[in-house]
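Below you'll find the structure, written out as structure tokens, and then a few comments.
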Amino acid sequence: MSILKPFAVMLGLIIGVAAADAANAQDATIATGGFTNVDMKTTGTWSFETRADGVYAVLAADFKARKAPDLKIFLSKLPASDVDGDNATDGVFVAALTSHKGAQAFKLPAGVDLASFQSIVIHCQQYSKFWAAGNIR
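Quick note: to get this note's numbering, add 458 to the position in the sequence shown (first position is 1).
Right, here's the structure in full:
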């Protein structure tokens, strides 16, 4: 029995690595970009990623926006250049930002078809103020 123990441990490691590789293979970046229409100082990159449990809007570690009390992410059917304070919230609400800077990930609502949208938008809902937008495609 003790001769087989190292083989059993090795087999367990191989199976564990294969399972981790399979899980990671499901994660894929759909789109990535920056903010091209900026009204309030916003920098950094964003992406949309498919994960095992859904699609996520991801703000990278380099993300930074002017601080505000109620920043939210929306998806818009308009190109980023056409988004402004009057139509920034006309799309689909994704989530409230957890911080005005740094890496964050937000799961898109169930049933949202990302192909139906042209831009990602950041908006301060409390002050009805457009912050920034970036083209998805």
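Backbone N, C-alpha and C define an ideal beta-carbon position, used for all residues, glycine too. For clarity, every value in this text was computed on a predicted model and none was experimentally measured.
Check	Outcome
Close Cβ partners of D520 (< 8 Å) along its chain, the five nearest in sequence each way excluded	T501, G502 and T503
Helix, strand or coil at L572 [DSSP, three-state]	helix
Proximity winner among G560, L566, D485 and S577, relative to R524 (alpha-carbon distances)	G560
C-beta atoms of A554 and L572 nearer than 9 Å	no
Straight-line Cα distance separating N545 from L469	The predicted position of L469 is uncertain, since its pLDDT is 43 and thus under 50; no value can be drawn from it.
For S539, the three-state DSSP class (helix, strand or coil)	helix
Every unbroken beta strand (DSSP E) inside the region 516-568 [3 residues or more]	529-534, 550-554 and 562-565
Rounded distance between the beta-carbons of H581 and F575, thought under 8 Å	Wrong, their Cβ atoms sit about 15 Å apart, outside the cutoff.
Inter-residue spacing [alpha-carbon to alpha-carbon] between R509 and D497	31 Å
Exposed unless 16 or more other CB atoms sit within 10 angstroms - verdict on F585	Checking the sequence shown, residue 585 turns out to be Tyr, not Phe. Answer is exposed; the Cβ neighbour count stays below 16.
Three-way DSSP call (helix, strand, coil) for D479 in this model	Its pLDDT being 49, under 50, D479 is placed unreliably by the model, and the measurement read from it follows with that caveat. D479: helix per DSSP, three-state reduction.
Three-way DSSP call (helix, strand, coil) for S586 in this model	coil
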